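See below for the structure under consideration.
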Amino acid sequence: MKIKIIQPVSDRNDQSKMYEVGTELDLGAERNKAAVNKRVAVWVDNKSNEKVSIPTDKKKKVSKAGSVIIETKKSE
């Protein structure tokens with residue numbers, strides 16, 4: 095699966111090589127996943143459309159209203 099670079103970054107193995115914003119490439123499963131987790135890239139499906147599922151560390155807020163617990167997601 096391909097990734098799309100969203101922040102300029104140098105190659106992990108060859109520090110002299112830079113990836114520009116908008117570059118679509120496939121570095122292999124492990125390196126692709128690492129780039130997405132470091133938030134320098136996003137997943138791209140086979141039709142060249144960006145997937146909106148970016149891993150986040152956002153936590154859900156939980157509030158109590160009487161005896162009912164309401165869970166809400168933090169919106170972007």
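Each residue of the sequence shown is one higher than the one before, counting from 95 in the working numbering.
Cβ coordinates follow ideal geometry from the N, Cα and C atoms, glycine included.
Note that this is a predicted model, so its numbers are computed, not measured.
So, at 8 Å on beta carbons, what are the nonlocal neighbours of residue i in its own chain, with the 5 sequence-adjacent residues on each side left out?
i: L119; result: K96, I97, I99, Y113
Looking only at its own chain, which residues have a Cβ that is under 7 Å from the Cβ of residue i, when we skip the five neighbours before and after it?
i: K111; result: S104, D105
i: Q109; result: none
Between the alpha carbons of residue i and residue j, how many angstroms are there, rounded?
i: W137; j: N107; result: 21 Å
i: G116; j: N131; result: 17 Å
Less than 6 Å between C-beta atoms, sequence neighbours within five positions excluded: which residues of the same chain meet that for residue i?
i: Q101; result: V134
Name the one or two DSSP bridge partners that residue i has.
i: K111; result: Answer is none; K111 lacks a bridge partner.
i: L121; result: Partner(s): none; L121 has no beta bridge.
Where does the unbroken beta strand (DSSP E) through residue i begin, and where does it stop?
i: V134; result: No beta strand (DSSP E) holds V134; DSSP gives it neither H nor E.
i: I97; result: 96-99
When we look at the beta-carbon of residue i and count the other beta-carbons within 10 Å, is it buried (16 or more) or exposed?
i: A129; result: buried
CB of residue i to nearest heavy atom of the ligand SAH: below 7 Å?
i: A135; result: Here there are no bound small molecules, and the ligand SAH is not part of this structure.
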